[in-house]
Amino acid sequence: MTMADDRQERIRNRAHQIWQAEGQPAGHHERHWHQAAADIDRDDATGKSAKKPSKKAAGADKAKAEPKEAKAAKKPSKPKKAAAK
Numbered sequence: 108m109t110m111a112d113d114r115q116e117r118i119r120n121r122a123h124q125i126w127q128a129e130g131q132p133a134g135h136h137e138r139h140w141h142q143a144a145a146d147i148d149r150d151d152a153t154g155k156s157a158k159k160p161s162k163k164a165a166g167a168d169k170a171k172a173e174p175k176e177a178k179a180a181k182k183p184s185k186p187k188k189a190a191a192k
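Add 107 to the 1-based position in the sequence shown for the numbering used here, that's all there is to it.
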């Protein structure tokens, strides 16, 4: 696949995403195509990838949150005020 073919495929995929996001309206294919081409060109100029990492893959390197019980054990308890008589 040539670079031009790859670009066309990326534009086609992006235009389809735009079409779906707008509720699949009829008769707007040219606007979707031009918007998709602009998006792809902007991504290429800024060095962004067309594919975004999945949420699972993006968070795979993050440590798991500490359990609530462990957090509660670390918090110092506040002294209770004596009731006024």
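Don't be surprised by glycine CBs; every beta carbon is placed ideally from N, CA and C.
Contact between I118 and A152 is ruled out by a C-beta separation of about 15 Å, above the 8 Å threshold. Setting aside the 5 residues that flank it on each side, I147 is surrounded in the same chain by R114, R117, I118, R121 and A157, each with a C-beta closer than 7 Å to its C-beta; the list follows chain order. Excluding five sequence positions before and after I125, the CB atoms of its chain that fall closer than 7 Å to its own CB belong to H139, Q142 and A143, given in chain order.
Within the same chain, A122 and W126 come within 8 Å of H136 by CB-CB distance, once the 5 residues on both sides are set aside. Going by C-alpha positions, G134 is about 19 Å away from A145. Residues of the same chain with a CB within less than 6 Å of the CB of R149, apart from the 5 flanking positions on each side, do not exist.
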